[in-house]
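Take 187 as the starting number for the sequence shown in my numbering and just add one per residue.
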Amino acid sequence: MQAWYAEQCVPEIGERFAREIIEKVEALQTHPEMGRVVPEFDAVALRELIHPPFRIVYRHDKKRVRIVRIWRSERLLKLP
187 MQAWYAEQCV PEIGERFARE IIEKVEALQT HPEMGRVVPE FDAVALRELI
237 HPPFRIVYRH DKKRVRIVRI WRSERLLKLP
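As structure tokens, then:
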């Protein structure tokens with residue numbers, strides 16, 4: 187992500203997005219249910235945070251939060 191914004195001659199935007207996404211992910215430690223259930227799957231343990239233009243998809247169980255993927259929000263999630 188940061189490399190792409192640097193190639194577009196706006197590295198500060200990539201740095202800002204990276205910082206903001208890290209802050210959101212860190213907040214999941216204390217608020218793991220703050221994201222909505224991923225609409226494509228309707229599974230309570232699979233949640234997402236939207237940080238335009240990105241989507242942070244994570245899996246939440248009783249002991250941990252695992253980041254599944256971070257990518258552009260217009261892309262749909264496909265699992266194998």
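Quick reminder that beta carbons are idealized off the backbone N, C-alpha and C, glycines included. Only a predicted model underlies this, so the values are computations on that prediction, with no experimental measurement involved.
Rounded C-beta distance between residue i and residue j? I'm assuming under 8 Å.
| i | j | result |
| --- | --- | --- |
| residue 251 | residue 214 | 5 Å |
| residue 232 | residue 242 | In fact, because the Cβ distance is near 12 Å, the residues do not count as touching under 8 Å. |
Cα-Cα, which of the options is closest to residue i?
| i | options | result |
| --- | --- | --- |
| residue 229 | 203, 236, 245, 212 | 245 |
| residue 237 | 205, 248, 216 | 205 |
| residue 200 | 239, 247, 212 | 239 |
| residue 247 | 261, 219, 256, 194 | 219 |
| residue 258 | 196, 203, 222 | 203 |
With DSSP as the reference, label residue i as helix, strand or coil.
| i | result |
| --- | --- |
| residue 254 | strand |
| residue 203 | helix |
| residue 243 | strand |
| residue 226 | coil |
| residue 193 | helix |
| residue 234 | strand |
| residue 210 | helix |
| residue 198 | helix |
Exposed or buried, which one is residue i when buried takes at least 16 other CB atoms within 10 Å?
| i | result |
| --- | --- |
| residue 224 | buried |
| residue 256 | buried |
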